[in-house]
Amino acid sequence: MPRNTLDKLCGRYDAIVIGSGLAGLSGAHLLSRQGRSVLLLEHHHQLGGLAAWFKRPGGHVFDVSLHGFPHGMVKSCRKYWGADVAAKIRQLHDIRFENPDFSLSTTYDRADFTRLLTERFRAPAGRVAAFFDHLRAMSYHDRDTRTVGGLFEEFFPSRPDIHRLLLEPIAYANGTNLDDPAIAYGIVFSNFMSRGVFIFQGGTDALVARMAELLRAAGTDVQTRCKAVKILLETGPDGLQRVAGVRVRSMRDGAERDIACAAVLSNAGLKNTLFDLLGAGDPPPAYAAAARAVRLNNSSAQVYMGIRAGVELPRHGDLVFTSAAQPFSSQELTDLHTTSRTHSFYHPETRPDAPAPRSAIVTSLNQNWADWASLDAGSYAREKARLAEEAFQGLERKIPGIRGMVDWVEVATPRTIQRYTLHECGASFGTKFEGLQVSLDLPKAIPGLHHAGSVGIIMSGWLGAMNYGVIAAAKLDESLGSAAPR
Ligand SMILES: Cc1cc2nc3c(=O)[nH]c(=O)nc-3n(C[C@H](O)[C@H](O)[C@H](O)COP(=O)(O)OP(=O)(O)OC[C@H]3O[C@@H](n4cnc5c(N)ncnc54)[C@H](O)[C@@H]3O)c2cc1C
0 MPRNTLDKLC GRYDAIVIGS GLAGLSGAHL LSRQGRSVLL LEHHHQLGGL
50 AAWFKRPGGH VFDVSLHGFP HGMVKSCRKY WGADVAAKIR QLHDIRFENP
100 DFSLSTTYDR ADFTRLLTER FRAPAGRVAA FFDHLRAMSY HDRDTRTVGG
150 LFEEFFPSRP DIHRLLLEPI AYANGTNLDD PAIAYGIVFS NFMSRGVFIF
200 QGGTDALVAR MAELLRAAGT DVQTRCKAVK ILLETGPDGL QRVAGVRVRS
250 MRDGAERDIA CAAVLSNAGL KNTLFDLLGA GDPPPAYAAA ARAVRLNNSS
300 AQVYMGIRAG VELPRHGDLV FTSAAQPFSS QELTDLHTTS RTHSFYHPET
350 RPDAPAPRSA IVTSLNQNWA DWASLDAGSY AREKARLAEE AFQGLERKIP
400 GIRGMVDWVE VATPRTIQRY TLHECGASFG TKFEGLQVSL DLPKAIPGLH
450 HAGSVGIIMS GWLGAMNYGV IAAAKLDESL GSAAPR
């Protein structure tokens, strides 16, 4: 009989994966399928990280980050999780923009954007084609130093309306601004432009449940409510510090246990991994300095609205980018009082197997941690109520009577994200571009320690995180050589 929840763990694994975001889940799955013994640790009671959902009374199920991902998820899910998972990916056909510069509906792919840019925005067809060809050819290895603003000026000079069309949805999603590297924007935007915007039919809960089932079938030891509190190092024969194990704390009873391993794949935030899970002097000084300079991405807030049973939510687009800002500004987008909101409309077809047909609206806003971190309880409650009220006011213009259709409202803030994922400053898309190199260099700085998770914008979002988890796990697997597998 185990004395506490940690007693049932093995004393040693080939790899310990810290965190069950899409990168952690996908990395753990690959390692287990390679025959490695794998322990997956998640501090929360639910797997998935930001690929999260929550249930509320009255049959409501809310998805936290299922607003849309690129078509590349079909290939990645098929390769890493199987054809049945990939088969549930469905396209969103009605993406809308409503702002003082334009109001339009699009399928958000290259063909439709070419139509819009040439016919509606009157951009020369040759320029538009050259822009898309240029984006498609962009590679992380180019070391292209242009900014997003520079790229836009090169192809569409003095056209702030076109710049808004091209940047706004990406900015809403991951906080990219005109000063960020063009390369990160180009790769993410191109991914969407290839075929449009997609979601997982059945909801995040169905996706993560299937992933958990596949992980357990592959032999992964999956442990929720188990927090990694320290990555343990030892000095190797070469004098270098390398990974020796992980100190694990049970969130049920507070018990702690050191578990040995040959390597760690950390899906915790990059900064959390380097500055919370390692000791102060552990990362070599030059590497630590580069890591300290990495900027976090901004955070976000959401208003979740559950539609009353039996009420049919009018169709008003699937994903609607709204803003009253004139001109479009990255600063306005993350302001505490921003007018820029993305509404995701979930109709019953999102969860066709639900016991009863239900609809929901999730309104998202970019936000900065600093605006929320130090609010006292009263101010925090007031700001949350304000966000809900403003979301209703915005929606009322499109759907009169919306208040009467809703019977559950809940607001999440950067503090919510921080609480559930532990990410520093509630960063919703990891780090800015420079975080990618720091993440990639980690095994060189500390042999046996790998990082996978939202970094650099390119490796964030559902597709980026999933792909990065597999890439990092494959490197970890290679580093273990052929002797270690069971
Ligand atoms: C509101 C919102 C909306 C979004 N919408 C979209 C969208 O529509 N499309 C899209 O593609 N992307 C979206 N994203 C981004 C996307 O969800 C994330 O980029 C992606 O899911 C992150 O995956 P990840 O693997 O990097 O890790 P995360 O999901 O961040 O997970 C990290 C995991 O590690 C765990 N963890 C951390 N520290 C420890 C520890 N010490 N011990 C144990 N466990 C630990 C955390 O609890 C968490 O489960 C959205 C994000 C937010 C916040």
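According to numbering that gives the first Met the number 0, the residues represented by the sequence shown are 0 to 485, in order.
From the three backbone atoms N, C-alpha and C, an ideal C-beta is built for every residue, glycine too.
Predicted model only: the values in this text are computed from it and were never measured.
Euclidean distance between Cα positions of residue i and residue j
i    : j    : result
V187 : Q436 : 17 Å
A136 : I398 : 42 Å
A308 : S265 : 41 Å
S453 : L21  : 10 Å
P326 : Y184 : 20 Å
R158 : D252 : 59 Å
D13  : C260 : 5 Å
Y107 : T175 : 18 Å
R114 : S104 : 12 Å
T321 : S328 : 13 Å
D334 : T219 : 42 Å
H140 : V408 : 45 Å
F130 : F154 : 6 Å
F428 : N173 : 6 Å
L30  : D406 : 44 Å
G10  : G244 : 10 Å
A170 : A254 : 42 Å
R32  : K78  : 12 Å
I306 : G125 : 46 Å
V73  : R209 : 15 Å
N190 : H422 : 26 Å
Same chain, Cβ closer than 7 Å to residue i, neighbours up to 5 away in sequence not counted
i    : result
A426 : G268, L295, N296 and S298
S478 : A262 and P442
R485 : Bear in mind that the predicted position of R485 carries a pLDDT of just 42, short of 50, making it unreliable; the figure below should be weighed with that in mind. If we look at R485 and ignore the five residues flanking it on each side, its Cβ neighbours are G34 and S36.
H346 : L312 and S358
Check whether residue i and residue j have beta carbons under 8 Å apart
i    : j    : result
V127 : L134 : no
F68  : G460 : yes
D257 : R246 : yes
S363 : R340 : yes
I230 : L277 : yes
R145 : A181 : yes
G26  : A387 : no
I17  : A227 : yes
D179 : V147 : yes
G463 : G434 : no
L65  : T223 : no
V302 : K270 : no
P304 : H42  : A small fix is needed here, since residue 304 is Met in this sequence, not Pro. Their beta carbons are not under 8 Å apart, which means M304 does not touch H42 by this criterion.
A411 : A300 : yes
Assigned secondary structure, residue i (DSSP; H/G/I helix, E/B strand, else coil)
i    : result
G81  : coil
K431 : coil
Q366 : strand
P284 : helix
I169 : helix
K383 : helix
K87  : coil
E311 : coil
G244 : strand
F120 : coil
T333 : helix
C486 : The first residue shown for the chain is 0 and the last is 485, placing residue 486 beyond what the model contains.
T338 : coil
K270 : helix
L40  : strand
M304 : strand
Q33  : coil
R95  : strand
F151 : helix
Sequence-distant residues of its chain with Cβ nearer than 8 Å to residue i (five each side left out)
i    : result
P282 : L273, A290, A444 and I445
R402 : F391 and E395
A483 : Only weak support exists for where A483 lies, its pLDDT of 45 falling under 50; the value from the coordinates is given anyway. Contacts found: D13, R35 and A261.
Contact set for residue i: own chain, Cβ-Cβ below 6 Å, skip 5 residues either direction
i    : result
C424 : L295 and W368
Q90  : G195 and F197
L38  : Y12, I15 and D220
A51  : V63
Y467 : A22, A451 and M458
P99  : Q325
A211 : L46
L206 : F199
Interface flag, residue i vs chain C, CB-CB below 8 Å
i    : result
I186 : The structure shown has no chain C; it contains just one protein chain.
Any 3 or more C-beta pairs closer than 8 Å across the region 221-236 and the region 73-87 = no
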